[in-house]
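Mapping of the sequence shown onto this note's numbering: position 71 corresponds to residue 326, and the numbering continues sequentially without gaps. Report on the structure given below.
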Amino acid sequence: MSAPRDQHFLVDKRAVEKIAGFVDVSGRRVLEIGPGEGILTRALLDRGATVIAVEIDPALVEELEITFAGEIEEGRLEIILGDAKKVDIPPFDIVVANLPYSVSSKITFRLLEIGFEVAVLMYQKEFAQRMVAPPGTPNVGRLSVMVQTYASVKPLLDLGPGSFRPRPAVRSWVVRITPHEPPHPIADRQVYADIVRVLFSHRRKTVRKGLRSGKDAFSPEAIGRTIASLPDDLLQRRPEDLTLEEFALIANKMSGG
256 MSAPRDQHFL VDKRAVEKIA GFVDVSGRRV LEIGPGEGIL TRALLDRGAT
306 VIAVEIDPAL VEELEITFAG EIEEGRLEII LGDAKKVDIP PFDIVVANLP
356 YSVSSKITFR LLEIGFEVAV LMYQKEFAQR MVAPPGTPNV GRLSVMVQTY
406 ASVKPLLDLG PGSFRPRPAV RSWVVRITPH EPPHPIADRQ VYADIVRVLF
456 SHRRKTVRKG LRSGKDAFSP EAIGRTIASL PDDLLQRRPE DLTLEEFALI
506 ANKMSGG
């Protein structure tokens, strides 16, 4: 079977056992996004998890319903046909998933918004490296700032193309994501998200020029007030050099603080 919708099936059984064992799932409600042919689903069920599997491909859902008919009847597995970026998802505790590369960012942001105890997620290696990139480094960007604001990220496993069918052209990383409260007070989380988006949309510009380019998100009056309230040395820097505290400062000023 070919990989639908940018999905590469994990076939490395040793890797599957490691991924399923990185967190204790026994007796927990585990969300799996993109179960594919169910190899990770099986490992999670074998460890005593109750699994909620969200799959966008109807043909795969049909196969999963046949393969796991007993577990579905027992109430240990619920399969949801739909797009994980927007489908209604029942309550869950933990996330364990091999995410399709093309929607990694949107699904990660949605999961952080919904909330969870811990997640073990697989990403394209380059994407995961951006998640953990510190300020002042080439890989830092909107993803780095937003994820690190609301969670800690720890790399767990590096997998090559041979662990998948069909083989992707890139390596993959499995990471543990543990949510936490923002390290610095944020008055309005939507304003914070808009500030990060606006500044990294103009990442080669200084903060001053980037803010002035944000009229799609903020009024000219709010932009002017914010620029006037910020230190000149901060306004002269680029977004990739800002700390999480400085992003919070800018956003709080934009919020009227």
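Ideal Cβ positions, reconstructed from N, Cα and C, are used throughout, including at glycine.
Asked	Found
Measuring only the C-alpha atoms, how far is Asp312 from Val351?	19 Å
Would you give the residue range spanned by the alpha helix (DSSP H) that Pro475 belongs to?	Pro475 to Ser484
Let's test the definition: count the other Cβ atoms within 10 Å of the Cβ of Arg385 and tell me whether it reaches 16, buried, or not, exposed.	buried
Report yes if the C-beta distance between Arg426 and Lys409 is below 7 Å; otherwise report no.	no
If we call anything under 7 Å between Cβ atoms a contact, is Ile349 one with Glu326?	no
I need the boundaries of the beta strand (DSSP E) containing Arg431, first residue and last residue.	Ser427 to Pro434
To the nearest angstrom, how far is the alpha carbon of Leu499 from that of Gly303?	39 Å
Mapping DSSP to helix, strand and coil, what is Lys460?	coil
How is the beta strand (DSSP E) around Asp413 delimited, first residue to last?	Ala406 to Leu414
If Arg458 and Glu495 are in contact, beta carbons under 8 Å, what's the gap, nearest whole angstrom?	6 Å
Using DSSP with H/G/I as helix, E/B as strand and the rest coil, what is Phe419?	strand
Roughly how many angstroms lie between the CA atoms of Tyr378 and Ile450, to the nearest whole one?	26 Å
Look at the alpha carbon of Asp301 and the alpha carbon of Leu454, and state the distance between them as a whole number of angstroms.	46 Å
How many Å lie between Gln403 and Val387 at the Cα?	7 Å
Nearest CA to the CA of Ala298: which residue from Ala308, Leu319 and Glu272?	Glu272
If you follow the beta strand (DSSP E) that Ala388 is in, where does it begin and where does it stop?	Run containing Ala388: none; DSSP gives neither H nor E here.
So if DSSP puts Gln379 in a beta bridge, which residue, or which two residues, is it bridged to?	Ser427
Please state the DSSP three-state secondary structure of Ser257.	Per-residue confidence for Ser257 stands at a pLDDT of 40, beneath the threshold of 50, marking its modelled position as unreliable; no derived number is given.
Can you look up Thr498 in the DSSP assignment and give me helix, strand or coil?	coil
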